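In our numbering, the protein residues as written are 127 to 570. Glycine included, every Cβ here is placed at the ideal spot set by N, Cα and C. Note that the structure is a prediction, hence the values are computed from the model and not measured.
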């Protein structure tokens with residue numbers, strides 16, 4: 127997978143990526159705010175023994191201090207010291223709770239004790255550390271005094287008083303937020319990748335080639351300017367083959383849930399651009415086909431002709447701006463699908479084939495109407511249109527399977543991108559505001 131593929135996945139799934147990033151960053155922020163703010167103040171004491179003045183006495187005293195340091199660490203963090211501190215400061219807490227705030231450590235092979243006390247405020251942490259050290263010193267003096275009035279055998283001296291803490295405990299806030307952000311990016315990207323792989327919608331033309339065992343004739347962009355070039359290439363491909371003279375009648379049907387008339391109208395315009403006589407027949411009873419795209423919804427057409435036996439079809443033909451002739455859908459009703467399946471449609475196609483070089487037939491989606499299945503065998507070739515981002519592979523397979531079961535000659539598939547939203551809105555406003563009646567085609 128290339129970087130461009132990854133970029134396209136992220137662009138398609140940007141919402142899930144953004145949501146995951148926000149969720150992970152929010153969880154990290156919530157965790158940061160949930161951690162109680164605490165401060166730790168540390169004081170260091172030196173434990174010494176009462177010895178003689180000789181070097182040997184000092185050495186023996188140092189060894190004795192080191193031997194006692196482990197026991198003194200338990201004394202400094204014990205219940206006796208905690209009870210004295212609570213009584214001295216009048217704290218509303220238990221000795222066990224205060225013990226949980228006291229941590230006593232000592233460097234190896236030394237007579238030093240480091241007493242660290244944690245509290246919710248800097249001043250409280252320093253006050254507790256100083257009081258623990260003071261009461262520990264008193265307790266050591268009591269323990270090491272064996273005779274009343276005699277000097278104690280050992281004493282603890284504060285060499286580094288507790289300083290006021292300047293920063294709270296805990297991991298850095300920015301680091302936690304950065305971890306949350308990176309986790310969101312990673313998880314969001316993974317979620318986008320999995321959703322993209324599990325999504326059955328058609329996103330690339332290659333998906334249809336492998337899934338349908340039929341060629342993809344063209345990939346039509348959504349904007350009109352690029353689409354015109356795509357239809358010219360499609361025209362060249364269709365007209366350059368050995369079967370080009372036989373492709374006089376082409377049927378287009380959508381494998382999506384809705385009609386995609388831009389393909390039929392686009393190819394009709396491309397064929398007409400070479401000077402050929404082309405007629406586009408709108409047999410899409412959903413009323414969202416070529417007639418709607420060409421702003422001819424109010425114009426009589428195919429449905430009216432089918433309901434009126436003997437009426438001339440020439441009176442219903444209209445000229446499109448691109449130079450091809452259009453037989454609009456007309457006023458379709460509940461009988462129109464049955465009339466399209468009747469014997470009148472083959473007669474109409476015969477009349478049009480005798481007059482025009484190409485007859486382009488636009489029908490409703492296969493899953494919505496039977497026109498493509500009924501008229502397909504009567505046409506030279508049928509092209510299935512799949513719209514990117516909306517058509518799913520199961521839908522396209524089902525549509526192609528239905529056509530093949532009916533013996534419809536399939537030429538291939540065309541992948542069409544959805545027009546940009548702004549263009550769709552403009553087309554909708556144009557149809558809503560259209561009051562111009564298309565010009566009639568002179569009778570042959």
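Applying the criterion that 16 or more other CB atoms from any shown protein chain within 10 Å of the CB defines a buried residue, is residue 196 buried or exposed? The residue given as residue 196 occupies position 70 in the chain shown. Exposed is the call here.
What is the residue span of the beta strand (DSSP E) that residue 461 lies within? Counting from 1 along the chain shown, the entry for residue 461 is found at position 335. It is not in any beta strand (DSSP E) - residue 461 carries neither H nor E in the DSSP assignment.
With 16 as the cutoff for other CB atoms within 10 Å, does residue 355 come out buried or exposed? Your numbering for residue 355 matches position 229 in the chain shown. Looking at its Cβ environment, which holds fewer than 16 other Cβ atoms inside 10 Å, residue 355 is exposed.
When you compare the region 397–411 with the region 446–455, are there three or more beta-carbon pairs, one atom per stretch, that lie closer than 8 angstroms? Taking 8 angstroms as the limit for Cβ pairs, the verdict is that the region 446–455 does touch the region 397–411.
Taking 7 angstroms as the cut-off, is the C-beta of residue 196 nearer than that to any heavy atom in the ligand HEM? Although the ligand HEM was asked about, the structure shown includes no ligands whatsoever.
Please report the distance separating the alpha-carbon of residue 342 from that of residue 496. What you label residue 342 is simply residue 216 of the chain shown in a count that begins at 1. What you label residue 496 is simply residue 370 of the chain shown in a count that begins at 1. Those two C-alpha atoms are separated by around 23 angstroms.
Work out the CA separation of residue 199 and residue 251 for me, nearest whole Å. Taking the chain shown and counting its residues from 1, one reaches residue 251 at position 125. Taking the chain shown and counting its residues from 1, one reaches residue 199 at position 73. So the two alpha carbons sit approximately 19 angstroms from each other.
By the DSSP assignment, the alpha helix (DSSP H) with residue 446 in it spans what residues? For the purposes of this step, residue 446 is taken as residue 320 along the chain shown, with counting starting at 1. Under the DSSP assignment, residue 446 falls outside any alpha helix (DSSP H); it carries neither an H nor an E label.
Bridge partners for residue 388 per DSSP, in chain order? Stepping through the chain shown from its first residue, residue 388 is reached at position 262. Within the DSSP secondary-structure output, residue 388 pairs in no beta bridge.
Can you tell me where the alpha helix (DSSP H) holding residue 258 begins and where it ends? Residue numbering aside, residue 258 sits at position 132 when the chain shown is read from its first letter. Run containing residue 258: 248–269, per the alpha helix (DSSP H) assignment.
Just the C-alpha distance for residue 286 and residue 240, rounded to the nearest angstrom, thanks. Indexing the chain shown from 1 puts residue 286 at position 160. Indexing the chain shown from 1 puts residue 240 at position 114. So the two alpha carbons sit approximately 9 angstroms from each other.
Residue 296 classed as buried or exposed, judged by whether at least 16 other C-beta atoms fall within 10 angstroms: Taking the first residue of the chain shown as position 1, residue 296 is located at position 170. Around the beta-carbon of residue 296, fewer than 16 other beta-carbon atoms lie within 10 Å, marking it exposed.
Helix, strand or coil at residue 492 [DSSP, three-state]: Counting from 1 along the chain shown, the entry for residue 492 is found at position 366. DSSP places residue 492 outside both helix and strand once states are collapsed to three, so it counts as coil.
Since I believe residue 340 is in contact with residue 539 (beta carbons under 8 angstroms), could you give me their beta-carbon distance rounded to a whole number of angstroms? As a working mapping, residue 539 is identified with position 413 in the chain shown. As a working mapping, residue 340 is identified with position 214 in the chain shown. Contact flag correct, Cβ pair sits at about 6 angstroms.
How would you call residue 264, buried or exposed, if buried means at least 16 neighbouring beta carbons within 10 angstroms? One-based indexing of the chain shown puts residue 264 at position 138. The residue in question, residue 264, is exposed, as its Cβ has fewer than 16 Cβ neighbours within 10 Å.
For the region 376–384 against the region 498–508, are there 3 or more C-beta pairs whose distance is under 8 angstroms? Yes, they touch.
Which of helix, strand or coil DSSP assigns to residue 421: Translated into the one-based positions of the chain shown, residue 421 becomes position 295. In the structure shown, residue 421 sits in coil (DSSP, three-state: anything other than H, G, I, E or B).
Where do the ends of the alpha helix (DSSP H) carrying residue 223 lie? Counting from 1 along the chain shown, the entry for residue 223 is found at position 97. Segment 221–227, the alpha helix (DSSP H) holding residue 223.
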